[in-house]
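**Q** Please see the structure below; I have some questions.
There are 2 protein chains.
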Amino acid sequence: MRTDTVYKKAFNRAATMLRDGQLSGELPSENELRRRMGVSRTTVRKVLGELAHRELVAERGGVRTAGRAVEDSDYYPDAETTSRANHVEQQFMEWMLRGDTRPGTSINELELARQFGVATNGIREFLIRFSRFGLLEKRPNTGWLFKGFTEDFALELFEIRVMFELRSAHLFSRQPNTSPLWDKLAALKVAHTELLKRIESRYHDFSGLDNRFHRLINEASPNRFIDDFYDIISFIFHYHYQWNKHDELQRNQAAILEHLAYIDALESRDPERIRRACQAHLASAKATLMRSLV
Amino acid sequence: MRTDTVYKKAFNRAATMLRDGQLSGELPSENELRRRMGVSRTTVRKVLGELAHRELVAERGGVRTAGRAVEDSDYYPDAETTSRANHVEQQFMEWMLRGDTRPGTSINELELARQFGVATNGIREFLIRFSRFGLLEKRPNTGWLFKGFTEDFALELFEIRVMFELRSAHLFSRQPNTSPLWDKLAALKVAHTELLKRIESRYHDFSGLDNRFHRLINEASPNRFIDDFYDIISFIFHYHYQWNKHDELQRNQAAILEHLAYIDALESRDPERIRRACQAHLASAKATLMRSLV
DNA sequence: AGCATGAACTTTATCCATAAAAAACAACTT
DNA sequence: AAGTTGTTTTTTATGGATAAAGTTCATGCT
Chain A
10 MRTDTVYKKA FNRAATMLRD GQLSGELPSE NELRRRMGVS RTTVRKVLGE
60 LAHRELVAER GGVRTAGRAV EDSDYYPDAE TTSRANHVEQ QFMEWMLRGD
110 TRPGTSINEL ELARQFGVAT NGIREFLIRF SRFGLLEKRP NTGWLFKGFT
160 EDFALELFEI RVMFELRSAH LFSRQPNTSP LWDKLAALKV AHTELLKRIE
210 SRYHDFSGLD NRFHRLINEA SPNRFIDDFY DIISFIFHYH YQWNKHDELQ
260 RNQAAILEHL AYIDALESRD PERIRRACQA HLASAKATLM RSLV
Chain B
10 MRTDTVYKKA FNRAATMLRD GQLSGELPSE NELRRRMGVS RTTVRKVLGE
60 LAHRELVAER GGVRTAGRAV EDSDYYPDAE TTSRANHVEQ QFMEWMLRGD
110 TRPGTSINEL ELARQFGVAT NGIREFLIRF SRFGLLEKRP NTGWLFKGFT
160 EDFALELFEI RVMFELRSAH LFSRQPNTSP LWDKLAALKV AHTELLKRIE
210 SRYHDFSGLD NRFHRLINEA SPNRFIDDFY DIISFIFHYH YQWNKHDELQ
260 RNQAAILEHL AYIDALESRD PERIRRACQA HLASAKATLM RSLV
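Same order as they appear, the protein sequences are chains A and B.
Converting from the first sequence to the working numbering requires adding 9 to each position, the first position being numbered 1.
Converting from the second sequence to the working numbering requires adding 9 to each position, the first position being numbered 1.
Structure representation (structure tokens):
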């Protein structure tokens, strides 16, 4: 049966909105809520129904207002708000990055399905999706070959990353001075400086900033294949560093400094300086990753 | 139910081997046949069973020999030898490239499933696989957005292709003179010249040659992401030109000449000359594609 | 006419079942 | 011992069913 995670997540969101007083007085129309929560009206109605049932909202003559106070126990547990597909993704990544699965191992849909507690279909869909990351290969009628998160993989990944980023950085710097992206870059620079000041406690926030920065650079000259490739990078890094927290503070601090130098270089419009700053940053990111692979 | 296309294709192959006298005298062992045909022994046995049943092979005391002559009617029809997944691929590509599907249309799994006569599962798997080609986008819980085989797509595709190919060609030329790839290149050069002589009748053979050539260039410095990208190119071109035969002879003839110039440039090891030959060839491939998109 | 709710219909996410194909095991033969 | 063939077990490819979520239609209210 399909999970009702969309509903549960929406319900939790609505509960938070109620608690934070974002829905004071008469509640907005179903359509308005739908827009705010990004789900269908059908789901909104289901949420409203349950909220009314639990007296979190009061319905009097077709008018809805906030009801009793929201309690912690009103929320659905987080585990019930992620779809099966998401569960599979997380479990697989953990299996791959944590476990000691050797490169060259073959992957068995049925076995993973049993291990993760889902139907084989879900496993297969995930593997198909994931195979574009270059870590898997499908052998028809037979199964999947796990190629491993190896040094080779990292080298090949970074070779492309450098090519793409040099290209994008160059094109970024050639934009007219009137481009709004320059302002966005300036804003990001500020964000970096701010984070640097508080790095001791907030070093966790760097990964979001990193993402924004690299995506901004690509924005000046969009190319779907480059964007897709950056998806691979984000994905891999997200999971890899999620389970590999070693030296996180130092790593991130160093990266912020590199970003700042990189931003300055971009602002200088000097091609050679840009090239150097970009390469320096990527070389260090690569070294960090390689070190953690040993 | 799973299709028995693997068996039927294997059967047809075996029939051809029998007809062509590749299996004269006592037939090879099941294991040997398995190796030659690239299927499991289970399938080999099924094929042998049917061959015996139809008296195409004779079994006397555990020894198998060729039986009566193979007739055309012994073959399974081609349509029965392609898996559902393959059917879906072909039908979808036809739907996309032939039909007048506008960019921005949304794709409906159920509708395609009905139209192609398969279960939704198969459609979905295909779409997931295909989405890495940059022509589709999945919107969860909602459906798929068809982005269209547009001019933008072609421009972005070629931007990457040029980057990758310049990189690979450069690295190819830096190989030591002792590398066996130089011999392969020389062999390909001969094949090109041969084909050029017979171009009037054999122009169809170019696409195989084209593939071999570009893959050879990448072989000197393997990178899975570049290989994967080349898969996209092959796939797209394969289907696009399958239904777009306009000027095929001229196109291919011109491309052969470009390849020959390109090969000569590589053999010269002169970086600048290589760059020019490579760019010239890709520019012309791009122009051809763009022209056909109008 | 334009927006709100209610109800009906369609599509997606997910599980389950099963024939075909592969793989593993077993028993023989040379 | 290595290679055969026969048999059993496991896994993949594919169809089908259904609750959840999305979309469209219908009705009513300003």
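Ideal placement from N, C-alpha and C gives every residue a C-beta, glycine not left out.
With a threshold of 7 Å on Cβ separation, who are the neighbours of I241(B) within its own chain once the five nearest residues in sequence on each side are excluded?
**A** Position 232 of the second sequence, counted from the first residue, corresponds to residue 241(B). For I241(B), where only same-chain residues beyond five positions count, the Cβ hits under 7 Å are F142.
**Q** Just reading off the alpha helix (DSSP H) that R73(A) is part of, what are its end residues?
**A** As a first step, residue 73(A) must be located in the first sequence, where it is residue number 64. First-last for R73(A): V72 to A75, but that is the beta strand (DSSP E), not the alpha helix (DSSP H).
**Q** What residue does the beta strand (DSSP E) around L145(B) start on, and which one ends it?
**A** Looking up residue 145(B) in the second sequence gives position 136. Residues L145 to R148.
**Q** Quick check: the Cα distance between L269(B) and T159(A), rounded to an integer number of angstroms?
**A** Against the second sequence, residue 269(B) aligns to sequence position 260. Against the first sequence, residue 159(A) aligns to sequence position 150. Cα to Cα, L269(B) sits roughly 38 Å from T159(A).
**Q** Give the residues of chain B in contact with R176(A), contact being defined as C-beta atoms less than 8 Å apart.
**A** The residue you call residue 176(A) lines up with position 167 of the first sequence. Under the 8 Å cutoff, chain B gives M172.
**Q** I'd like to confirm the pairing. Which residues does DSSP put opposite N155(B) in its beta bridges?
**A** Here residue 155(B) corresponds to residue number 146 of the second sequence, with the count starting at 1. Position check: residue 155(B) holds Phe in this sequence, whereas Asn was assumed. Looking at the DSSP assignment, F155(B) forms a beta bridge with L145(B).
**Q** Give me the subset of the region 220–236 of chain B whose CB atoms are less than 7 Å from a CB atom of chain A, sorted by chain position.
**A** N232, R233 and F234
**Q** Does DSSP put S82(A) in a helix, in a strand, or in coil?
**A** Locating residue 82(A) in the first sequence gives position 73, where the first residue counts as 1. S82(A) falls in the helix class under three-state DSSP.
**Q** In terms of residue numbering, what span does the alpha helix (DSSP H) encompassing V66(A) cover?
**A** Here the question's residue 66(A) lines up with position 57 in the first sequence. No alpha helix (DSSP H) holds V66(A); the beta strand (DSSP E) holding it covers V66 to R69.
**Q** For the region 114–131 of chain B, enumerate the residues whose C-beta is nearer than 8 Å to any C-beta of chain A, in chain order.
**A** N130
**Q** To the nearest angstrom, how far is it from the Cα of R69(A) to the Cα of T91(A)?
**A** Here the question's residue 69(A) lines up with position 60 in the first sequence. Here the question's residue 91(A) lines up with position 82 in the first sequence. As the crow flies, the alpha-carbon of R69(A) is around 34 Å from that of T91(A).
**Q** Buried or exposed for S82(A), please, with buried defined as at least 16 other CB atoms from any protein chain shown within 10 angstroms of its CB.
**A** Taking the first sequence and counting its residues from 1, one reaches residue 82(A) at position 73. It counts as exposed.
**Q** Report yes if the CB atom of V291(A) is closer than 8 Å to the CB atom of F181(A), and no otherwise.
**A** Numbered from 1 along the first sequence, position 282 holds the residue referred to as residue 291(A). Numbered from 1 along the first sequence, position 172 holds the residue referred to as residue 181(A). What sits at residue 291(A) in the sequence shown is Leu, not Val. No; because the gap between Cβ atoms is not below 8 Å, this pair is not in contact.
**Q** How close, in whole Å, do the beta carbons of R305(B) and Y239(B) come, if the pair is a contact with beta carbons under 8 Å?
**A** Absent from the structure is residue 305(B), since the part of chain B shown begins at 10 and ends at 303.
**Q** To which residues of the same chain is M299(A) closer than 7 Å at the C-beta, ignoring the five residues directly before and after it?
**A** Within the first sequence, residue 299(A) is the residue found at index 290, counting from 1. Excluding positions up to five away in sequence, the list reads E160 and A163.
**Q** Here's the rule: buried if 16 or more other CB atoms are within 10 angstroms of the residue's CB, otherwise exposed. What is E165(B)?
**A** By 1-based counting over the second sequence, the position of residue 165(B) is 156. A residue is called buried when at least 16 other Cβ atoms come within 10 angstroms of its Cβ; E165(B) meets this threshold and is buried.
**Q** So, under 8 Å CB-CB, H255(B) and S293(B) are touching, yes? Tell me the CB distance rounded to an integer number of Å.
**A** Position 246 of the second sequence, counting from 1, holds the residue named residue 255(B). Position 284 of the second sequence, counting from 1, holds the residue named residue 293(B). That pair is no contact at about 16 Å.
**Q** Tell me I116(B)'s beta-bridge partners as DSSP assigns them.
**A** Locating residue 116(B) in the second sequence gives position 107, where the first residue counts as 1. Partner(s): W153(B).
**Q** Against chain B, does E134(A) count as a neighbour if the rule is that its beta carbon must be under 8 Å from one of theirs?
**A** Working through the first sequence from its first residue, we reach residue 134(A) at position 125. Yes, contact with chain B.
**Q** For R138(B) and G58(B), I'd like the C-alpha separation in whole angstroms.
**A** Stepping through the second sequence from its first residue, residue 138(B) is reached at position 129. Stepping through the second sequence from its first residue, residue 58(B) is reached at position 49. Rounded to the nearest angstrom, the two C-alpha atoms are 36 Å apart.
**Q** Go through its chain and collect everything with a Cβ distance to R186(B)'s Cβ below 8 Å, but skip five positions before and after it.
**A** Against the second sequence, residue 186(B) aligns to sequence position 177. The sequence given here has Asn at residue 186(B), not Arg. Sequence-distant Cβ neighbours of N186(B) in its own chain, meaning closer than 8 Å and more than five residues away, do not exist here.
**Q** Taking buried to mean at least 16 other C-beta atoms within 10 Å of its own C-beta, is W153(A) buried or exposed?
**A** Locating residue 153(A) in the first sequence gives position 144, counting from the first residue. Result: buried.
**Q** Check this for me: beta carbons of A286(B) and A274(B), under 8 Å apart or not?
**A** As a position in the second sequence, residue 286(B) is number 277, starting the count at 1. As a position in the second sequence, residue 274(B) is number 265, starting the count at 1. Yes.
**Q** Hey, is the region 225–239 of chain B in contact with the region 173–180 of chain B, meaning 3+ C-beta pairs nearer than 8 Å?
**A** yes
**Q** Here's the rule: buried if 16 or more other CB atoms are within 10 angstroms of the residue's CB, otherwise exposed. What is V199(B)?
**A** Mapped onto the second sequence, residue 199(B) falls at position 190. Exposed.
**Q** Cα-Cα, which of G131(A), S210(A), L60(A) and A195(A) is closest to R221(A)?
**A** Counted from its first residue, the first sequence places residue 221(A) at position 212. When only C-alpha atoms are compared, the closest one is A195(A).
**Q** Considering only residues of the same chain and omitting the five flanking positions on each side of F173(A), which have a CB-CB separation below 7 Å?
**A** Taking the first sequence and counting its residues from 1, one reaches residue 173(A) at position 164. Result list for F173(A): I235 and F238, in chain order.
**Q** Cα separation between S216(B) and L258(B)?
**A** Taking the first residue of the second sequence as position 1, residue 216(B) is located at position 207. Taking the first residue of the second sequence as position 1, residue 258(B) is located at position 249. Answer to the nearest angstrom: the Cα atoms are 11 Å apart.
**Q** With respect to the alpha helix (DSSP H) encompassing L36(A), which residues constitute its N-terminal and C-terminal limits?
**A** Taking the first sequence and counting its residues from 1, one reaches residue 36(A) at position 27. In the DSSP assignment, L36(A) falls outside any alpha helix (DSSP H), carrying neither H nor E.
**Q** Give a yes or no on whether 8 Å exceeds the smallest Cβ distance from V97(A) to chain B.
**A** Along the first sequence, one-based indexing puts residue 97(A) at 88. Not an interface residue.
**Q** Compare the C-beta of N150(B) with all C-beta atoms of chain A and state if any pair is closer than 8 Å.
**A** As a first step, residue 150(B) must be located in the second sequence, where it is residue number 141. By this cut-off, N150(B) is an interface position.
**Q** Leaving out five residues before and five after E134(B) in sequence, what residues of the same chain have Cβ atoms less than 6 Å from its Cβ?
**A** Numbered from its first residue, the second sequence carries residue 134(B) at position 125. Closer than 6 Å at the Cβ level, and outside the excluded window around E134(B), lies no residue.
**Q** Which of the three DSSP states is assigned to K304(B) in this structure?
**A** Past the edges of chain B, shown from 10 to 303, lies residue 304(B), and the structure says nothing about it.
**Q** Roughly how many angstroms lie between the CA atoms of G34(B) and A23(B), to the nearest whole one?
**A** Taking the second sequence and counting its residues from 1, the one referred to as residue 34(B) is at position 25. Taking the second sequence and counting its residues from 1, the one referred to as residue 23(B) is at position 14. Rounded to whole angstroms, G34(B) to A23(B) spans 15 Å at the Cα level.
**Q** If you follow the alpha helix (DSSP H) that V97(B) is in, where does it begin and where does it stop?
**A** Against the second sequence, residue 97(B) aligns to sequence position 88. First-last of the alpha helix (DSSP H) with V97(B): R93 to L106.
**Q** Report the option in I265(B), W252(B) and E209(B) whose CA atom is closest to the CA atom of R107(B).
**A** For the purposes of this step, residue 107(B) is identified with residue 98 of the second sequence, where counting begins at 1. Among I265(B), W252(B) and E209(B), the Cα nearest to that of R107(B) is on W252(B).
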